[in-house]
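**Q**
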Amino acid sequence: MINNNELKMKDMTLKEKVKFILSCIISIAILTGALIFLFNIFGSAMIDAFRGTDTLYYDWRAIFILLLFPVMGYFDVLVFFLLFTPYTLPLAQFWYKKINIVWGYSIVAFILSIPLSLVIFIHIHNTYDSCGKGGFLSGDFYAKDPKMCEQFEYHPEKDKSDDSSTAVIPTDTKVK
Numbered sequence: 030m031i032n033n034n035e036l037k038m039k040d041m042t043l044k045e046k047v048k049f050i051l052s053c054i055i056s057i058a059i060l061t062g063a064l065i066f067l068f069n070i071f072g073s074a075m076i077d078a079f080r081g082t083d084t085l086y087y088d089w090r091a092i093f094i095l096l097l098f099p100v101m102g103y104f105d106v107l108v109f110f111l112l113f114t115p116y117t118l119p120l121a122q123f124w125y126k127k128i129n130i131v132w133g134y135s136i137v138a139f140i141l142s143i144p145l146s147l148v149i150f151i152h153i154h155n156t157y158d159s160c161g162k163g164g165f166l167s168g169d170f171y172a173k174d175p176k177m178c179e180q181f182e183y184h185p186e187k188d189k190s191d192d193s194s195t196a197v198i199p200t201d202t203k204v205k
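In the numbering used here, the protein residues as written are 30 to 205.
1. Do residue 88 and residue 168 have their C-beta atoms closer together than 8 Å?
2. Just to confirm the assignment, what range does the beta strand (DSSP E) spanning residue 97 have?
3. With respect to the beta strand (DSSP E) encompassing residue 40, which residues constitute its N-terminal and C-terminal limits?
4. Smallest Cα separation from residue 180: which of 151, 83, 141, 114?
5. Can at least three beta-carbon pairs, one atom from the region 150-158 and one from the region 99-107, be found at a separation below 8 Å?
6. When you measure from the CB of residue 64 to every non-hydrogen atom of the ligand PLP, does any distance come out below 7 Å?
7. Under 8 Å between the Cβ atoms of residue 62 and residue 95?
8. Of all the options 48, 147, 99, which has the alpha carbon lying nearest to the alpha carbon of residue 127?
9. If I measure Cβ to Cβ from residue 52 and keep anything under 6 Å in the same chain, skipping five residues before and after, which residues do I get?
10. Give the DSSP bridge partners of residue 84, in chain order.
11. If I follow the unbroken alpha helix (DSSP H) through residue 133, where does it start and stop?
12. So is residue 170 buried or exposed if we call it buried at 16+ other beta carbons inside 10 Å?
13. Tell me which residues share the same chain as residue 64 and place their Cβ nearer than 8 Å to its Cβ, disregarding the 5 neighbours each side in the sequence.
14. If you run the structure through DSSP and keep just helix, strand and coil, what is residue 167?
15. Distance check for residue 121 and residue 129, CA to CA, integer angstroms please.
16. Once the 5 residues before and after residue 141 are set aside, which same chain residues still bring their CB inside 8 Å of it?
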């Protein structure tokens, strides 16, 4: 068995420190951006569903993603602390013990997301009309009035692009 006093941390070179700091900053930016983006997309859809707005987009994966926000926040805080605190063996042991709690929460969140998704799906189907034929693995638009579904339909005849093959000559050129 290895004694904790025998383990020594080697000093990082300047190149390793720069790589570590850059990877921490990039990780913080990605995790924080993902939290903000996913909350804006899925959080607003859940708020719209329970607020009773006229139209909404519901995706069954939203519940699982929203339940995993604490896990994403945990890793965001972890990377932030790693950036400003020296990495030592006691700190590593502390985070290792806490990661078991995070994994346990992730499993519970997955298990809870299945019945919660079904309950919310049933609530939405009782309150709204479906506006399309979304696939099993995709979300769908819902509206309280079926006539409002027309705004979500695609009309290819209205989407005509300019197919003219005429050359456009800039106005500032002089032709002699």
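Beta carbons are placed, not taken as given, at the ideal position from N, Cα and C, and that holds for glycine.
**A** Per the coordinate set shown:
1. yes
2. Here residue 97 belongs to no beta strand (DSSP E), and DSSP marks it neither H nor E.
3. From DSSP, residue 40 is part of no beta strand (DSSP E); its letter is neither H nor E.
4. 83
5. no
6. For the ligand PLP, the structure offers nothing, since it holds no ligand at all.
7. no
8. 99
9. none
10. 172
11. 118-156
12. buried
13. 98, 101, 102, 105
14. coil
15. 13 Å
16. 96
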